[in-house]
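Novice: This is the structure I have questions about; it appears just below.
Number of protein chains: 4
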Amino acid sequence: MVPRYSRPDMTALWEPEEKYRIWFEIEAHATEKLGQLGVVPRSAAKALWDWWATDPKIDVEAIDAIEAVTKHDVIAFLTWVAENVGDEARFMHQGMTSSDVLDTTLAVQLARSADILLADLDALLAAIQRRAEEHKYTPTIGRSHGIHAEPVTFGLKLAQAYAEFDRCRRRLLAAREEIATCAISGAVGTFANIDPQVEEHVAEKLGLSVEPVSTQVIPRDRHAMFFSTLAVIAGSIERLAVEIRHLQRTEVLEAEEYFSPGQKGSSAMPHKRNPILTENLTGQARMIRAYALPALENVALWHERDISHSSVERFIGPDACITLDFALARLTGVIDKLLVYPKRMQANMDRMGGLIHSQRVLLALTQNGVSREDAYRLVQRNAMKVWESDGQLTLLDLLKQDEEVTAALGAEQLKEKFDLEYHFKHVDTIFERVFG
Amino acid sequence: MVPRYSRPDMTALWEPEEKYRIWFEIEAHATEKLGQLGVVPRSAAKALWDWWATDPKIDVEAIDAIEAVTKHDVIAFLTWVAENVGDEARFMHQGMTSSDVLDTTLAVQLARSADILLADLDALLAAIQRRAEEHKYTPTIGRSHGIHAEPVTFGLKLAQAYAEFDRCRRRLLAAREEIATCAISGAVGTFANIDPQVEEHVAEKLGLSVEPVSTQVIPRDRHAMFFSTLAVIAGSIERLAVEIRHLQRTEVLEAEEYFSPGQKGSSAMPHKRNPILTENLTGQARMIRAYALPALENVALWHERDISHSSVERFIGPDACITLDFALARLTGVIDKLLVYPKRMQANMDRMGGLIHSQRVLLALTQNGVSREDAYRLVQRNAMKVWESDGQLTLLDLLKQDEEVTAALGAEQLKEKFDLEYHFKHVDTIFERVFG
Amino acid sequence: MVPRYSRPDMTALWEPEEKYRIWFEIEAHATEKLGQLGVVPRSAAKALWDWWATDPKIDVEAIDAIEAVTKHDVIAFLTWVAENVGDEARFMHQGMTSSDVLDTTLAVQLARSADILLADLDALLAAIQRRAEEHKYTPTIGRSHGIHAEPVTFGLKLAQAYAEFDRCRRRLLAAREEIATCAISGAVGTFANIDPQVEEHVAEKLGLSVEPVSTQVIPRDRHAMFFSTLAVIAGSIERLAVEIRHLQRTEVLEAEEYFSPGQKGSSAMPHKRNPILTENLTGQARMIRAYALPALENVALWHERDISHSSVERFIGPDACITLDFALARLTGVIDKLLVYPKRMQANMDRMGGLIHSQRVLLALTQNGVSREDAYRLVQRNAMKVWESDGQLTLLDLLKQDEEVTAALGAEQLKEKFDLEYHFKHVDTIFERVFG
Amino acid sequence: MVPRYSRPDMTALWEPEEKYRIWFEIEAHATEKLGQLGVVPRSAAKALWDWWATDPKIDVEAIDAIEAVTKHDVIAFLTWVAENVGDEARFMHQGMTSSDVLDTTLAVQLARSADILLADLDALLAAIQRRAEEHKYTPTIGRSHGIHAEPVTFGLKLAQAYAEFDRCRRRLLAAREEIATCAISGAVGTFANIDPQVEEHVAEKLGLSVEPVSTQVIPRDRHAMFFSTLAVIAGSIERLAVEIRHLQRTEVLEAEEYFSPGQKGSSAMPHKRNPILTENLTGQARMIRAYALPALENVALWHERDISHSSVERFIGPDACITLDFALARLTGVIDKLLVYPKRMQANMDRMGGLIHSQRVLLALTQNGVSREDAYRLVQRNAMKVWESDGQLTLLDLLKQDEEVTAALGAEQLKEKFDLEYHFKHVDTIFERVFG
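Protein chains in written order, with full-length UniProt numbering: chain A, 1 to 436; chain B, 1 to 436; chain C, 1 to 436; chain D, 1 to 436.
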């Protein structure tokens, strides 16, 4: 976790205090059910919840100090709770293993992280939609291979991004559902010393589903799927970030990250305004993608479990969630305040002297009876002149002067082929599909 | 693609013939709709389908020869079709771009690959379930960290695998749904020269959904999700493969890959029977995981599209699908014919002189009023003797001779704590959860 | 391996015929030494080499047919050789294991692949150097963050690429040295049934060094290092490919992949010339990087060896080497024939009205006694006007009219700050460092 | 960075204080040379070094407070230095860019990290060597595929590990040399405003070499190589960790991580002693491998530089170095105190009734004139009985009773084939090769 790439809510979720809070909830809910089942006194859960109702401070240092002696984190925590709650606390954890607490806690943390990320995605989608509507009909050149192809609108670019992040949202919802399971099944997962009803009770209270079969641990294919889903989202972040970096290039400059009036882009070069936010996002995307790999390697634990996944998750649990939360929020800010330059879009589109309409002329000639080969030759010979003039000549002018062309296609018809609006007749259809 | 790790049906799907067959279907369906819309003569589609009904041989070499001249694969194919169908064929491809054909074809190939993989998973699940039922109550030791923990059944191990691959099945279904989209939207995806109804028609005919917004290409986050899902499945394959490799170790030998009567394990060492199939699967899993990475990097194409994804997909499209198909089938065979040795399982479980029941004695002493500290000390001092005897002494015998122990726990009570069945009382619950 | 991304020499190295040829050499050299040691008759090696001298055709199908019966590739090969050579062949392979042959063969294949790749790098370096010298003083704008910064030369860009690929060359040499080891040490590597002198002899004959300690297999950290090195080279290929893709963008167009006179960039849009070769290289780089991962996972084989590495290497051995060979050759072609447009470079540099010289004016004002704050303000207020004029105004003109500026800096001095040559005074130093 | 997986020296190297200390050194050395070149007063460097000689506290909070205003980290630092040093400090940083400082600092940090890691490797190598000498002739079974093969010694296992980490050491030395370069070349790397002699001076003072051609940044192929090298080392750590995890399995138990007398393996199960340190190392290895990926993606920066590498390096710089340092130290501790059980090794080797000697009998029969087919049949029919007896019968006994066998091989000769020492005659050769 890099502090400058983190936000408080998500970070708090991965702090020791929060972890211990979830531990307590799991233990208290379990004790409650054990009481109902007659395994422990009903008074035990009451004592725990009464203390909890006082909103006690989680004393991480005290727990650490106990752990330094017991060498066992869960026992240290239980000891600290017992010191605070008193004798009734000894009924906690009956028939459970540490993994029951640790794995269910990780499930809660990842599910809650997913909730934050879903809210991040909602905010991002809202920002993209707002700017898409704003620029629904702002003409700009569509580029394939980085080369001018045919016109699109800036709104269409954003509609694509919307549809992509909407898919990311659905994927994350599915990943959240997968990861949000509860395992309280005892050593090697047989429920030998704990009734499955305890698991069901805790699951219900924490909003989790029951892990159908655990083997002391919740199976790690769930986590692999979760972190792989974050990796896919990171890919989509990179795509939009790279788009903006391209648009801000000096020669293109069709859009820019927001730059406040008094801001300095460079201490040495007053002319510089760099797309540093989206460059930053590009790097963060690389990290989030990388975190999926060890999660995939974690799946093949030995037999009922080994603990090799644990060190991995101490890194990627917080690092992937915190970084993705930050990245989504940053991207939302970038989109929200993005400076868009329609005039420059138009100017860029015009710089090739209308070459971008060559396909329509070609088709029209063909439809008017010129063979495809001839049509291609006619358009190309004029197009090449425009190309060589570096945009000083225009294709329409040259075509109008080419008698072979005008024999097949009148001036009015020719001109109509250079109509920008022609390309936008289905923008509404696409917006309808995307935004409903 | 490595021939020895491939099966014919999946491989055929990625052969040029099949690709061209899908190309034809897309073009013919599109022409059909263009005819209905009055853009081209209705006779065009009829001519195409009439020819297709003759089940013509796809002449890959002839198409290649044309491509050598035109330097364009789609044009080469259209030319070849025109040579066969005649003049009506010139109406094909009206208003479309090559990407419309290529990307929709890839969608069809991946969707059909997913169908094969889903069938593979069904077969695997059936094999696992059969063996799980067979060994529902076959006792075996549960191991955490590779160390004996407490008893489970071999059926439970397989129930875990079943639940895991069942999740994989659901993930693959979702990935299939995501990838199965159709884009026929023309250059830069604006439908400028082709009606969106054509796309809808082709999509319906091919069993695809409509890509809401394409930008000449189908967005690559879909493919990233697809290949990431295959990677997760590979992780689960590795887990089960590693389990079997462990079980076949000389010292463990609780199960073995099938070994036919006359087979030689090693030309030099007649005693060898190696788990080579599952070792092989382990390596294949590594490959399938690796293929997800470039798919993730493919997401961030430049602007409306660049073609950097294309070379990647020429590798990972066939390689990931073919290898996973092979791996699932091989794993199914391994499970189906797995040699299981219940006696050895029992022998291994017994080798520690009953130490695996130490927890229950500890709990019973506590419940009978011995303090936890004392109980631990009592059990441990006997357990250590058993440990040091390397299984020659048994814990039950020693405990019966320990007066401090027997003061709290009678012989009958003690014996009951060593009951294996105690651990299996919820096997049925778990099976019910997993197999329904 | 994708046929269209492969070249014949490298591909041949990974064909079965070549593999069998190397197998034979290893076996024959070993038999030779065994003869000298008196373990087998000296006549055995002679018989083998005599047959080999007839340049016999390697009959892959015949060997495959035998393998179908024996289920063992090395035994099948030995049987086929025996069928051809006769009785003396039975002395081959004495005291060896299959891995001795397989692993040493892989070492030979990788070492020879490295030789081809080193030659590829030499060709690439030569092409880069030639173009660097050609454009040593061709001015072009240096860009940070995609934004104009200060002037460089196109030769400097290429000098950087040269230095980078020269480092790649040295890394590959080191990786080649690491991988080129010979292991002939028998089952589990103890030399129990074969004298270490055999290993030394075979190593010397094949130009390999001796593996100091093998455990039936050559340790896979060597291979991990080899494929990681290829991955780093792929990164450098991507860097140069991306540079060219940027330079060919419509708005930049400072360089282009070669485009032959009659070539069509797009069947529909006559104006298109796409950087498809470098886009292709970008995708290939992603694949080559991905292949390093399973090689890294292969390191941790179980005990003396498991065979999980084998299926991985059947993929990545040929795929990584063949693809990298192709990519290096393609990049060489791109560089060799790259169309470079110095005029456009100059035009792009000029489009910001001299803003790129703002730093020098700032420094000069400071040196002439203006406070840094005032200097920044003076330059910025003029720079902003230039910026807003979109290059219609020039910074030099405005500064000359700004009395506060001219009070500190005379017209002549001002003009001198806009001198392009100033930036190139150390080009020679850098070239000296890079090209020696 | 996860605190529990970090050690103080390495961590300190990545703290802000240390970073600022290196910044100061670079700036002061540069100022010194600028003074010698007459660009700034010689008194400037003196003032800086005089202040530095007072060992001033680096006030990170004060610098942060300035950065909150200036929004520029290097300017904030320079301002803070100026506040402390006084007027002379204004000559610092003349003609330099921030990247000159940042990239050279990263080079220093990585080089110093490499020094720590090299020392770690030395300690690890020493521990391995000590244990290897100790167990040079401790017999243990060699296992391929997890199955007993033929005898080795425990010392040989460790000799392999030694050779592997010795290669890692050499790789790290090479990576260190690559990464230890200094770039002080100004904006876009042309030395336009700073003399190359400054770079040479700073490089020499900091023990770095000169970056031949930088483009504002040090090229990232160097960093890719560095982190890839760490990834390979991680693979070797995993290999040795997995070996120990295997050896500690209940059924194998030939070695164990150190377990102190009073220690509790599990609060619930007194019999448990888990290989948690090496499981932990396995997970850490996965992380260190993962960090190589974004480093590889960082290579292809846009044009002279973009800043996408920066966020990546804020993660992987500290995380990869700190985690690897911790892992190497932990592995050293594990090896140093590893509990080794030669008796159990012997017992495991004996459990198959001498089957592991089957190859030698086979060879001896062949050498005495029995055909290979007959010899195989004779050995196999006895071996199978031993196999089925689960080690109750021994191969030697059975062979002695088989008349067909004894007709070819006398009792004495037979017995000799079961000699363990036979396998160890070249242990010395191998040790000589490895330890010199």
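Glycine included, C-beta positions come from ideal geometry on N, C-alpha and C.
According to the neighbour-count rule (16 or more other Cβ atoms, all chains shown, within 10 Å of its Cβ), is lysine 57 of chain A buried or exposed?
Specialist: Exposed, because fewer than 16 other Cβ atoms sit within 10 Å of the Cβ of lysine 57 of chain A.
Novice: Does the region 62 to 82 of chain C come within contact of the region 143 to 159 of chain C, defined as at least 3 CB pairs closer than 8 angstroms?
Specialist: No: fewer than three Cβ pairs fall under 8 angstroms.
Novice: What whole-angstrom Cβ distance do phenylalanine 158 of chain A and alanine 132 of chain A have, given they're in contact under 8 angstroms?
Specialist: Checking the displayed sequence, the identity of residue 158 of chain A turns out to be leucine instead of phenylalanine. That pair is a contact at about 4 angstroms.
Novice: Please name the residues in the region 177 to 194 of chain D whose beta-carbon is closer than 8 angstroms to at least one beta-carbon of chain B, in chain order.
Specialist: Answer in chain order: no residues at all.
Novice: When the cut-off is 8 angstroms and only beta carbons count, does glycine 283 of chain D lie next to chain F?
Specialist: Here the protein chains are A, B, C and D, and chain F is not one of them.
Novice: In this structure, does DSSP put alanine 149 of chain A in helix, strand or coil?
Specialist: Strand, per DSSP.
Novice: What is the rounded straight-line gap between the Cα of glutamine 248 of chain A and the Cα of proline 318 of chain C?
Specialist: Rounded to whole angstroms, glutamine 248 of chain A to proline 318 of chain C spans 41 angstroms at the Cα level.
Novice: Quick check on this structure: which residue in C:Lys46, C:Phe259, C:Thr97 and C:Ser358 has the alpha carbon closest to the alpha carbon of valine 340 of chain C?
Specialist: That would be C:Phe259, whose Cα lies nearest to the Cα of valine 340 of chain C.
Novice: Once you ignore the five residues that flank valine 39 of chain B on each side, which residues in its own chain have a CB closer than 7 angstroms to its CB?
Specialist: So the qualifying residues of the chain are Gln94.
Novice: Which residues in the same chain have their Cβ closer than 7 angstroms to the Cβ of valine 74 of chain C, if we skip the five residues on either side of it in sequence?
Specialist: Contacts found: Ser98 and Val101.
Novice: Inspect the CB distances between the region 276 to 295 of chain A and the region 149 to 164 of chain C and report whether three or more fall short of 8 angstroms.
Specialist: Too few Cβ pairs lie closer than 8 angstroms, so no.
Novice: Distance, Cα to Cα, isoleucine 335 of chain C vs valine 242 of chain C?
Specialist: About 13 angstroms.
Novice: Can at least three beta-carbon pairs, one atom from the region 286 to 300 of chain B and one from the region 288 to 306 of chain C, be found at a separation below 8 angstroms?
Specialist: A contact exists between the region 286 to 300 of chain B and the region 288 to 306 of chain C.
Novice: For the region 96 to 116 of chain C, enumerate the residues whose C-beta is nearer than 9 angstroms to any C-beta of chain B, in chain order.
Specialist: Going along the region 96 to 116 of chain C in chain order, one finds Thr97 and Ser98 with a Cβ nearer than 9 angstroms to chain B.
Novice: Since glutamine 216 of chain B meets chain A, which of its residues come closer than 7 angstroms, beta carbon to beta carbon?
Specialist: Neighbours of glutamine 216 of chain B on chain A, chain order: Ser144.
Novice: What is the rounded straight-line gap between the Cα of glycine 436 of chain C and the Cα of aspartate 428 of chain C?
Specialist: Taking the straight line from one Cα to the other gives about 11 angstroms.
Novice: Between which two residues does the alpha helix (DSSP H) harbouring proline 196 of chain A extend?
Specialist: Taken as a continuous stretch (DSSP letters only), the alpha helix (DSSP H) holding proline 196 of chain A covers 196 to 206.
Novice: At a Cβ threshold of 8 angstroms, is arginine 286 of chain A touching chain D?
Specialist: Yes, arginine 286 of chain A lies at the interface with chain D (some Cβ there is under 8 angstroms from its Cβ).
Novice: Report buried or exposed for lysine 272 of chain A, applying the criterion of at least 16 other Cβ atoms within 10 angstroms of its Cβ.
Specialist: The residue is buried, with at least 16 neighbouring Cβ atoms inside 10 Å.
Novice: What are the residues in the region 250 to 261 of chain B lying within 8 angstroms of chain D by C-beta distance?
Specialist: Answer set for the region 250 to 261 of chain B: Thr250, Glu251 and Val252.
Novice: Proline 3 of chain A to threonine 104 of chain A, Cα distance in whole Å?
Specialist: Taking the straight line from one Cα to the other gives about 27 angstroms.
Novice: Just to confirm before moving on: does the CB-CB distance between cysteine 182 of chain A and glutamate 150 of chain A stay below 8 angstroms?
Specialist: No, the Cβ-Cβ distance between cysteine 182 of chain A and glutamate 150 of chain A is not below 8 angstroms.
Novice: Using 8 angstroms as the limit for Cβ to Cβ distance, is residue 463 of chain C near chain D?
Specialist: Residue numbering for chain C in the displayed model covers 1 to 436; residue 463 of chain C lies beyond these limits and cannot be assessed.
Novice: What is the DSSP secondary structure of isoleucine 335 of chain D, counted as helix, strand or coil?
Specialist: In this structure, isoleucine 335 of chain D counts as helix in the three-state DSSP scheme.
Novice: Does the region 373 to 389 of chain D come close enough to the region 169 to 180 of chain D to have 3 or more Cβ pairs within less than 8 angstroms?
Specialist: Segments in contact, no.
Novice: Whose CA, out of B:Phe154, B:Phe77, B:Gln413 and B:Val312, lies closest to the CA of isoleucine 140 of chain B?
Specialist: In the sequence as displayed, the identity of residue 140 of chain B is threonine instead of isoleucine. Measuring from the Cα of threonine 140 of chain B, the nearest candidate turns out to be B:Phe154.
Novice: Would phenylalanine 226 of chain C and leucine 117 of chain C be called neighbours here (beta carbons separated by less than 8 angstroms)?
Specialist: No, they are not a contact pair.
Novice: Tell me the DSSP secondary structure of glycine 436 of chain B in three-state form.
Specialist: Glycine 436 of chain B: coil per DSSP, three-state reduction.
Novice: Just to make sure I have the definition right: I need the residues of chain D whose C-beta is within less than 7 angstroms of the C-beta of arginine 314 of chain A. Which are they?
Specialist: Those within 7 angstroms of arginine 314 of chain A in chain D are Val2.
Novice: Given this structure, state the Cα-to-Cα distance separating aspartate 9 of chain A from isoleucine 316 of chain A, to the nearest angstrom.
Specialist: So the alpha carbons of these two residues sit roughly 17 angstroms apart.
Novice: Give the range of the beta strand (DSSP E) segment to which arginine 143 of chain B is assigned.
Specialist: Element bounds for arginine 143 of chain B: 139 to 144.
Novice: At a cut of 8 angstroms, does the region 11 to 25 of chain D reach the region 178 to 196 of chain C through at least three beta carbon pairs?
Specialist: The region 11 to 25 of chain D, when compared against the region 178 to 196 of chain C, does not touch it at the 8 angstroms Cβ threshold.
Novice: Return helix, strand or coil for alanine 411 of chain D, following the three-state DSSP convention.
Specialist: Of the three classes helix, strand and coil, the one that applies to alanine 411 of chain D here is helix, per DSSP.
Novice: Under 8 angstroms: do the region 351 to 358 of chain C and the region 380 to 400 of chain C share three or more Cβ pairs, one atom per stretch?
Specialist: Segments in contact, yes.
Novice: Over the uninterrupted alpha helix (DSSP H) stretch that includes aspartate 64 of chain A, give me the two end residues.
Specialist: 60 to 70 is the span of the alpha helix (DSSP H), which, as asked, contains aspartate 64 of chain A.
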